[in-house]
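Student: Take this structure first; my questions come after.
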Amino acid sequence: MSAAFLLLAMSVTLVTVTPAAADPLGDCTATKGAIVAVDFGPFAGKVERGCDTTPTTGYELLHEAGFTTEGTQHDGPAFICRIGLGSGTQYPTTGQESCVLTPPATAYWSYWIASPGQSKWTYSQYGAMDRKPKDGDVDAWVFGGTDIGGTTGMPTFTPDDVRAGGGGGSPDPGGTPTAAPGEIDVAAAAGWVAGTLKDGERVVDDGADTANYLLTTEAAYALAAADTDSANLDKIAAFLAAHADDYAYAAGKDQAPDATAAARLALVAEVTEGDPHHFGGHDLIADLLNNVCTAGPESGTFDPGCTAKGDFRNASYGDGQALALLAVLRAGAEPPAATVERLTLLQCDDGGVTGILIRPGEYCEGDPATTGLVALALHEAGGQDAAVAKAGTYLKKAQREDGAYPGYTGSTAGSVHATAYAAQALRALDDTAQADAAVSWLSREQLDGGGFGFEEAATDPALYATGPAVLAGADTDLARLTTKKPDPTDPPTTDPPTTEPPTTEPPTTEPPTTDPTLPAGEGPDLKKGVAYLTSAANLEQGQYYGDGTGRADFGLTIDGAYALAATGLNNDKLRGIVDFLDKGGKDPGGRTLQDWTRTGTKYALGGSIGKAALLAETVGRDPRSFGGKDLIAALNKAVCTAPSTAPDRGCAAKGAYTYAPSVFSQSLAIMAQVRAGEKTAAQEPIAYLESLQHGSGAWPSLIPATDDSDVDSTAIAAMALDLAGDEKAGKAVDKALGWIAGKQLPDGGFPGAAGNSVNSAALAVQGLSLDAKRYAAQIARARKFLAGQQNTDGGFNVAKEGQRGSNLRASTQAVGGATGISFGTLERSLTGTTEQPTPSPSSSTPLIVTPDDSSGGTGGIVDTDGGGSGGGALASTGVQVGALVGFAALLAGAGWRVVVVARRRASAGGRI
């Protein structure tokens, strides 16, 4: 039967998106519009270019430039499976790829991007539907394969080869912004800052009992910039000195300090005429200099708190490294050359600086705030003129006409903290006109009470934003900020002594955040988390999660059910979800759970079947009769007896499950079989899972296996083997837990796709809880990290860095993971709950809406390290990501290939 006929028989429609009339290629220039290039080389074609003079998203750029696309039956049109030019043939053809399921990572359309001035391609961390191209950008689509890191499979042509006008070199930074003059009311801002202090000495978050030390240092900097005679300054400095151990030496007085915290304390001392060599019983400068990393993980030995040579140990992020360098320089000490060089290695091709402590060859995307701070530190260090000039060019190019700066790539809103940091750096570099324009924009964002919100038009003030804005308004920065009165000129004259106002350079705070509220206690507030998951905006009448277009996301629905089962805080809502899935509830498109699992078809998705069966077992339902199907029989049938041969790619290996995309899928299916008493049937899958473990103890993210090592996948594999329970499995689990513990970051988080990931931290808690006594300290730190990423609405950010705001997918994992309960032992009785109505396609019952995900694909516990709407799908599809797919999360449902690309594609919708 042909693929085309099969699709017809399945009553499935693959949507082909046709283009509008394309803009003439000549209408795009280096400073107007964006270019997209599609390489049809693998299909005996050539590289074709197109233009969009008013780009909105990468997806629209592709279509407005004259190309057509087709999605997959399983993931919808958001996942780009075929591309054609105009009315020509779309590739791959139906004979080459059916586009029923997500294509393999070895043969799909990958998505690459380059900004003005960039000479190298970057694998997009965003899907085409989430990426917002800027004037002068160029996108590329290439058919083939990539590795997890996006370091292979890149275009064979350079960005300059396809740019408007032939490219070459960096475009001019542009003219001076045309912002109207304006000044910040520094006194009013200082008054607001002083009002945030408790007892005039510290900042305490709402709902917390202890001080927020970082914000307390921010308050000190702001008050010093606004009023050198502030009575609160001495009290703040004394308070911080008395709590130096709590803030900077949490690991112990004789241990390496948190470099960012130690640097902030040292800067407080230096700003207020104190001595950083004698502050709170510590020589902060000596402790920083004595804890400079001599090597990173590439050395083959684990050195806690080090990502590369030259790191100040436990700096964690680029801003911490820059603050530590500034503190050392202000103390008159000589910083090791490696610490300065480390900052230069964070600079991207376009001059921007990333906030993540990346290593050479890793994805690099700068932001104005980090770029401003690092430019200031390198300017102070001296000898880095080229890097500083390059950063200055980036800042001038990134500035809007009204003087504002966005907080991150793709954002259209002006950011107060980013604009403030950029203003300080620009003034230090003598780019006065641009600095004045930035301050002018800030002045128009100042609120009536004197404070500043995070972004333009904000109504609630925040200290994270107000602090750097005060420094920018006072024409100063952390390199020269001081309360010391300047000495009179010598010799004295009859004229009034001239005092030099504090010079300028950018202040510094933690990476851009939305000031999440820390809940009381050491872990996240699970009650608030459950309230967020079951709110009317996210869950309607206990039904299902959807993409806002009438397409249910069954994988995410099950993730939500797992979270509710783990907490037991809303069993009625849990019952509603389970009844919907079990009783054949249909979404408005007429799809049921089994349309998602493909049970009973040639495309049965082993991971999805296992995920659904495991939920049935968790709540006491019969997995042999759930959603109208015997899921255990289907799982047993889905165990591969041998690898399939092309063009069939259903089986990756003997012991794998059919169309199981990841270690996550394999592990969930194993747990479902074992819990159903089918341990014998699960022996081959268990053996295959064991064979995928690296010598380090880690597991890769994908099936077939790759050489990456992933926290999420290692945690879920450990849960599966712990349930298996034999001696060999036990040794594998012990090794896995040791590896996970070694990956913990200084702040308690764990690395994921786009940085310090909420999803990874939550799964690490579950994994380490398999030996809770041994790893109690690591679990406590991880739960505290999760608490710090919980927002006031109860939801969680995707990661510590990057786009802010509660994300539903990340929140399901954070809520369930924070309990530490393994999926292998998770149980929740529904006794005492009430049966819920089951919606039909015509029902007016709203879906469980996923505001931040328009996908509707397969769902899964996905490391949404990319944030935003959608995420976690192959980058090419236009379905979001975050970087690479190793973030295991793609759980079940999209074919092993989906995971790999997933992290980068963001989108219009889908998630794996």
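For the sequence shown, our numbering begins at 270 and goes up steadily by one.
Quick reminder that beta carbons are idealized off the backbone N, C-alpha and C, glycines included.
Which residues does DSSP list as the beta-bridge partners of N1076?
Tutor: Along the sequence shown, read from residue 1 onward, the residue named residue 1076 stands at position 807. Answer by DSSP bridge pairing, in chain order: F1065.
Student: Which value, in whole angstroms, describes the spacing of the CA atoms of D468 and N481?
Tutor: In the sequence shown, residue 468 corresponds to position 199, counting from 1. In the sequence shown, residue 481 corresponds to position 212, counting from 1. Roughly 14 Å separates the two Cα atoms.
Student: Would you call the CB atoms of A564 and V643 closer than 9 Å?
Tutor: Position 295 of the sequence shown holds residue 564. Position 374 of the sequence shown holds residue 643. Against a cut-off of 9 Å, the Cβ pair of V643 and A564 comes out as no contact.
Student: Which residue comes first and which comes last in the beta strand (DSSP E) that contains R1043?
Tutor: Along the sequence shown, one-based indexing puts residue 1043 at 774. From DSSP, R1043 is part of no beta strand (DSSP E); its letter is neither H nor E.
Student: Do you know how far the Cα of A882 is from the Cα of G587?
Tutor: As a working mapping, residue 587 is identified with position 318 in the sequence shown. As a working mapping, residue 882 is identified with position 613 in the sequence shown. Computed Cα separation, rounded: 44 Å.
Student: At the level of alpha carbons, what is the spacing between M940 and L884?
Tutor: Within the sequence shown, residue 940 is the residue found at index 671, counting from 1. Within the sequence shown, residue 884 is the residue found at index 615, counting from 1. Distance between the alpha carbons of M940 and L884: 11 Å.
Student: Would you tell me roughly how many angstroms separate the C-alpha atoms of D556 and T576, rounded to the nearest one?
Tutor: Numbered from its first residue, the sequence shown carries residue 556 at position 287. Numbered from its first residue, the sequence shown carries residue 576 at position 307. Going from the Cα of D556 to the Cα of T576 covers about 18 Å.
Student: Are the Cβ atoms of P912 and A925 separated by less than 9 Å?
Tutor: The sequence position of residue 912 within the sequence shown is 643, counting from 1. The sequence position of residue 925 within the sequence shown is 656, counting from 1. Contact: yes.
Student: Here's the rule I'm using: 16 or more other beta-carbon atoms within 10 Å means buried, otherwise exposed. How should A513 be labelled?
Tutor: Locating residue 513 in the sequence shown gives position 244, counting from the first residue. It is buried - the Cβ of A513 has at least 16 other Cβ atoms within 10 Å.
Student: Does DSSP put D308 in a helix, a strand or coil?
Tutor: Mapped onto the sequence shown, residue 308 falls at position 39. Strand.
Student: From which residue to which residue does the beta strand (DSSP E) around I352 run?
Tutor: For the purposes of this step, residue 352 is taken as residue 83 along the sequence shown, with counting starting at 1. It spans R351 to L354 - the beta strand (DSSP E) in which I352 sits, taken as one unbroken run.
Student: Give me, in chain order, the residues of the same chain whose beta-carbon lies closer than 7 Å to that of D296; leave out the 5 immediate sequence neighbours on both sides.
Tutor: Locating residue 296 in the sequence shown gives position 27, where the first residue counts as 1. Taken in chain order, the residues that qualify are G302, C320 and T322.
Student: I'd like to know whether the C-beta atoms of T541 and A493 end up nearer to each other than 9 Å.
Tutor: Indexing the sequence shown from 1 puts residue 541 at position 272. Indexing the sequence shown from 1 puts residue 493 at position 224. Yes, these two residues count as a Cβ contact at 9 Å.
Student: So A656 packs on N583, CB below 8 Å; how close in whole Å?
Tutor: Walking along the sequence shown from the start, residue 656 turns up at place 387. Walking along the sequence shown from the start, residue 583 turns up at place 314. Not confirmed; about 24 Å, so no contact.
Student: Relative to the alpha-carbon of G1017, which residue among G792, L626 and G550 has its alpha-carbon at the smallest distance?
Tutor: As a working mapping, residue 1017 is identified with position 748 in the sequence shown. Ranking the options by Cα distance to G1017, first place goes to G792.
Student: Ends of the beta strand (DSSP E) at G589?
Tutor: As a first step, residue 589 is located in the sequence shown; it is residue number 320 there, counting from the start. Annotation for G589: no beta strand (DSSP E) segment contains it, though the alpha helix (DSSP H) segment containing it runs G587 to R599.
Student: Taking the DSSP output, what are the residues bridged to E317?
Tutor: Counting from one through the sequence shown, the residue named residue 317 turns up at place 48. E317 is bridged to V307.
Student: Anyone know if the C-beta pair for V369 and Q342 falls short of 9 Å?
Tutor: As a working mapping, residue 369 is identified with position 100 in the sequence shown. As a working mapping, residue 342 is identified with position 73 in the sequence shown. Yes, these two residues count as a Cβ contact at 9 Å.
Student: Are the Cβ atoms of P428 and Q387 separated by less than 9 Å?
Tutor: Mapped onto the sequence shown, residue 428 falls at position 159. Mapped onto the sequence shown, residue 387 falls at position 118. Closer than 9 Å, so yes.
Student: Anyone know if the C-beta pair for W710 and A1005 falls short of 9 Å?
Tutor: Taking the first residue of the sequence shown as 1, we reach residue 710 at position 441. Taking the first residue of the sequence shown as 1, we reach residue 1005 at position 736. No.
Student: Spatial neighbours of A873 within its chain, please: C-beta separation below 8 Å, excluding the five flanking residues on both sides.
Tutor: Translated into the one-based positions of the sequence shown, residue 873 becomes position 604. If we look at A873 and ignore the five residues flanking it on each side, its Cβ neighbours are T866, R867, A903, K906, A907, T927 and Y928.
Student: From the DSSP output, read off the bridge partner residues of A383.
Tutor: Counting from one through the sequence shown, the residue named residue 383 turns up at place 114. In the DSSP assignment, A383 forms a beta bridge with V407.
Student: DSSP three-state label for E1104, please.
Tutor: For the purposes of this step, residue 1104 is identified with residue 835 of the sequence shown, where counting begins at 1. Coil.
Student: Within its chain, find whatever has a CB closer than 7 Å to the CB of E947; leave out the 5 residues flanking it on each side and keep chain order.
Tutor: As a position in the sequence shown, residue 947 is number 678, starting the count at 1. Correct list, in chain order: I901 and N905.
Student: Could you give the distance in angstroms between the alpha-carbon of P237 and the alpha-carbon of S568?
Tutor: An answer regarding residue 237 cannot be provided, because it is not within the stretch 270 to 1181 covered by the chain.
Student: Could you tell me the boundaries of the alpha helix (DSSP H) in which P428 lies?
Tutor: Taking the first residue of the sequence shown as 1, we reach residue 428 at position 159. Its alpha helix (DSSP H) spans residues P428 to V431.
Student: Nearest to S1098 by alpha carbon, out of V1002, R844 and V932?
Tutor: Along the sequence shown, read from residue 1 onward, the residue named residue 1098 stands at position 829. The shortest Cα separation from S1098 among V1002, R844 and V932 belongs to R844.
Student: Answer yes or no: do A397 and I349 have a C-beta to C-beta separation smaller than 9 Å?
Tutor: The residue you call residue 397 lines up with position 128 of the sequence shown. The residue you call residue 349 lines up with position 80 of the sequence shown. Yes, these two residues count as a Cβ contact at 9 Å.
Student: When the Cα of D899 is compared with those of I878, G919, T914 and C909, which residue comes out closest?
Tutor: Start at 1 with the first residue of the sequence shown, and residue 899 comes out as number 630. Taking only the C-alpha atoms, the option nearest D899 is I878.
Student: For the alpha helix (DSSP H) that T486 lies in, which residues bound it at each end?
Tutor: Translated into the one-based positions of the sequence shown, residue 486 becomes position 217. Taken as a continuous stretch (DSSP letters only), the alpha helix (DSSP H) holding T486 covers Y482 to A495.
Student: Measuring alpha carbon to alpha carbon, tell me which of A489, Q715, K659 and E724 ends up nearest S680.
Tutor: Translated into positions along the sequence shown, residue 680 becomes position 411. Selected option, being the one with the closest Cα: E724.
Student: Using three-state DSSP, classify R471 as helix, strand or coil.
Tutor: Taking the sequence shown and counting its residues from 1, one reaches residue 471 at position 202. R471 falls in the strand class under three-state DSSP.
Student: Can we say the region 1035 to 1048 touches the region 1086 to 1093, given the rule of at least three CB pairs closer than 8 Å?
Tutor: yes
Student: Considering Cα atoms alone, identify which of L1039, T752 and E329 is closest to V305.
Tutor: Here the question's residue 305 lines up with position 36 in the sequence shown. Taking V305 as reference, the option from L1039, T752 and E329 with the minimal CA-CA separation is E329.
Student: DSSP three-state label for E1070, please.
Tutor: Reading the sequence shown from its first residue, position 801 is the one you call residue 1070. Coil, per DSSP.
Student: With 16 as the cutoff for other CB atoms within 10 Å, does G1076 come out buried or exposed?
Tutor: Walking along the sequence shown from the start, residue 1076 turns up at place 807. For the record, residue 1076 in the displayed sequence is Asn; it is not Gly. Buried is the call here.
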